[in-house]
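Reading through the structure tokens given below for one structure.
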Amino acid sequence: MLARLLLACSCLLALAGAAWGDTCTLVTELDTGRVVKREGDCERRNSPASTFKVPLSLMGYDAGILKDEDEPAWPYRPEYKSWNEAWRKTTTPRSWLKDSVLWYSHVLTRELGEDRFKRYVEAFGYGNRDVSGDRGKANGLTRAWLSASSLQISPVEQIAFLSRLLKRKLPISGKAREMALAIMPAFPLPDGWTAYGKTGTGFQPLQNGTFDRSRQFGWFIGWAQKGERKILFARLIRDERKENFVASFRARDSLLADLPALLAE
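Reading the sequence shown from the start, the letters are residues -21 to -1, 1 to 244 in mature numbering (1 follows the signal peptide of the UniProt record, and there is no 0).
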């Protein structure tokens, strides 16, 4: 039944896909590096948006700020001014990733501090490693990874980062790695596979350095696992026109619909 629903979803999304504009899909085997699927411009860099919560979680656990799946449970405060009502509640590391809570990221990066934050991004070799933030505003600690700000990463680089994470090649403790993996959102797939992934969305940049609220971008990155086999994936959508449905959810739902056929290859 699940397989039929996924197939139906895939067909519907394929019909809508022509409106999405520039879309990259990159799927590779973790152990061998074999490219299962590569389509679109996967070298072009883009803001990571909320996919940056993956490296942020590693930083938080390695630094000892994040303790486990449920601690710290930080309360929402009115000064956070969250536009999303779902974020206006006490948040834990697990619900932070599940609900993609922006203010929790800001509390975490402030706890890390600017120097330590920069050192982690550099040590991870993450994208262009530029955490300066919005041009001329010195706000990298809370803005660098969002929409048209300074930190940029390509789908190819997202896959490389995930590969280093899963192969234990990042300069973090084993405990930090395991705790970060434990809070990754999970998505069951047919035939015993499970996908683990993170969405990210924002607005595309304009030439003047601001962003265009009429055109979104959307990520879904992660891996699918069955036993010891792992398949890495990244999908990035850049809209050509205004779309009402969140771009990251389109990236996630369309890739989850495509994965069963790709995993069977």
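Glycine included, each C-beta is placed from N, C-alpha and C at the ideal position. All figures in this text were calculated on a predicted structure; none of them were measured in a lab.
Under a three-way DSSP split, which group does residue i fall into?
i	result
A52	coil
L238	helix
R231	helix
V225	coil
W62	coil
D47	coil
K16	strand
D1	strand
V80	coil
D41	helix
L9	coil
K209	strand
L215	strand
T69	coil
S193	strand
P27	coil
How many Å lie between residue i and residue j at the Cα?
i	j	result
V100	A42	13 Å
R231	E90	30 Å
P150	F103	7 Å
Y105	L76	19 Å
V135	D47	30 Å
R23	N107	11 Å
K16	R56	44 Å
P72	S126	23 Å
G92	D170	44 Å
L120	E50	22 Å
R229	W198	9 Å
V124	I132	Residue identity check: residue 124 is Trp in the sequence provided, not Val. Using only the alpha carbons, I get a separation of about 9 Å.
S152	L37	9 Å
K205	K154	22 Å
K209	A139	14 Å
E222	L185	17 Å
W202	R147	15 Å
W53	E244	44 Å
S142	D10	9 Å
Determine the contact status of residue i and residue j, defining contact as a CB-CB distance below 8 Å.
i	j	result
A174	L168	yes
G39	L81	no
F182	I200	no
F190	A226	no
M158	L45	yes
V110	S129	yes
residue 257	R98	There is no way to answer for residue 257, as the model of the chain reaches only from -21 to 244.
N25	L215	yes
F166	L235	yes
R220	R192	no
Between residue i and the ligand COA, is the CB less than 7 Å from at least one heavy atom?
i	result
K46	The model on display carries no ligand, and the ligand COA is accordingly not part of it.
Comparing the C-beta of residue i with each C-beta of chain E, is any distance below 8 Å?
i	result
L120	The chain labelled as chain E is not found in the depicted structure, where only one protein chain is given.
Just to confirm the assignment: which complete alpha helix (DSSP H) runs, minimum length 4, are found wholly within the stretch 84 to 118? 93 to 103
Are there three or more Cβ pairs, one per stretch, closer than 8 Å when the stretch 25 to 34 is compared with the stretch 177 to 186? yes
In the stretch 116 to 178, which residue ranges form an unbroken alpha helix (DSSP H) of at least 4 residues, counting only runs that do not cross its ends? 119 to 122, 134 to 145, 153 to 161
When the Cβ atoms of the stretch 2 to 17 are set against those of the stretch 44 to 64, are three or more pairs found closer than 8 Å? no
Does the structure place the stretch 6 to 23 close enough to the stretch 107 to 125 that three or more beta carbon pairs sit under 8 Å? no
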